[in-house]
Amino acid sequence: MDRKPEELQFLGIFGVFNEAYSITVSWRKIFSQIALAFILPLSVVEIMYHQQDDGLFSFFLPRLTSEWAGFWIFMVIYHLFLHVLSLLSTSAVVYTIACAYTKKEIIFIEVASVVPTNEFREESVEVKRKGTRKRNS
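Be aware that the sequence shown starts at 457, since it is given in my numbering, and climbs by one per residue.
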């Protein structure tokens, strides 16, 4: 974190691990909260998938239509949770690292709301509209 971007460009593999370790240790509390809020549920969803997968495909017998319907409902829900939790955990970690490099104070509530909502998008569009009106006036 004390290096310039030009210096980070030429880090080797051990330099990258060293830099990642130093960031993680210095922001231990926020990374623990991210792990509990996003990465742990992602792991639980993945374990549930593998438990269901082992039960369904352990032997090859003809399945009833209702079992296949249940399987596909489970798969849709699994992929939905997988993608949402992956997006949230990745964006939370990237935002935290960016804040660490810019020396901005990090609060978990801010990190949890990294992915913008529709309300935020509407506000940003409104700000852009106001900005263009002022320039045109």
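A virtual CB, placed ideally from N, CA and C, is assigned to each residue, including glycine.
Gly526, DSSP secondary structure in three states:
For the purposes of this step, residue 526 is taken as the residue at position 70 of the sequence shown. Correct three-state label for Gly526: helix.
Does the Cβ-Cβ distance between Ala568 and Ala493 come in under 8 angstroms?
Here residue 568 corresponds to residue number 112 of the sequence shown, with the count starting at 1. Here residue 493 corresponds to residue number 37 of the sequence shown, with the count starting at 1. A contact, by the Cβ cut-off of 8 angstroms.
Should Ile562 and Ile479 be called a contact, given that it needs their Cβ atoms to be closer than 8 angstroms?
By 1-based counting over the sequence shown, the position of residue 562 is 106. By 1-based counting over the sequence shown, the position of residue 479 is 23. Cβ distance not < 8 angstroms, so Ile562 and Ile479 don't count as in contact.
Count the CB pairs spanning the segment 463 to 475 and the segment 539 to 554 that are closer than 8 angstroms, and state whether there are at least three.
no
Classify Ile486: buried if its beta carbon has 16 or more other beta carbons within 10 angstroms, exposed otherwise.
Counted from its first residue, the sequence shown places residue 486 at position 30. That one is buried.
In terms of residue numbering, what span does the alpha helix (DSSP H) encompassing Gly471 cover?
The residue given as residue 471 occupies position 15 in the sequence shown. Where Gly471 is concerned, the enclosing alpha helix (DSSP H) stretches over Ile469 to Ser482.
Is it true that the CB of Val570 sits closer than 8 angstroms to the CB of Ala556?
Sequence index remark: in the sequence shown, residue 556 carries index 100 (1-based). Sequence index remark: in the sequence shown, residue 570 carries index 114 (1-based). No, they are not a contact pair.
Top-ranked residue by Cα proximity to Met504, from Arg484, Glu462 and Phe527
Position 48 of the sequence shown, counted from the start, is the residue given in the question as residue 504. Measuring from the Cα of Met504, the nearest candidate turns out to be Phe527.
Indicate the three-state DSSP secondary structure (helix, strand or coil) for Lys485 in the structure shown.
The sequence position of residue 485 within the sequence shown is 29, counting from 1. Residue state, collapsed to three classes: helix.
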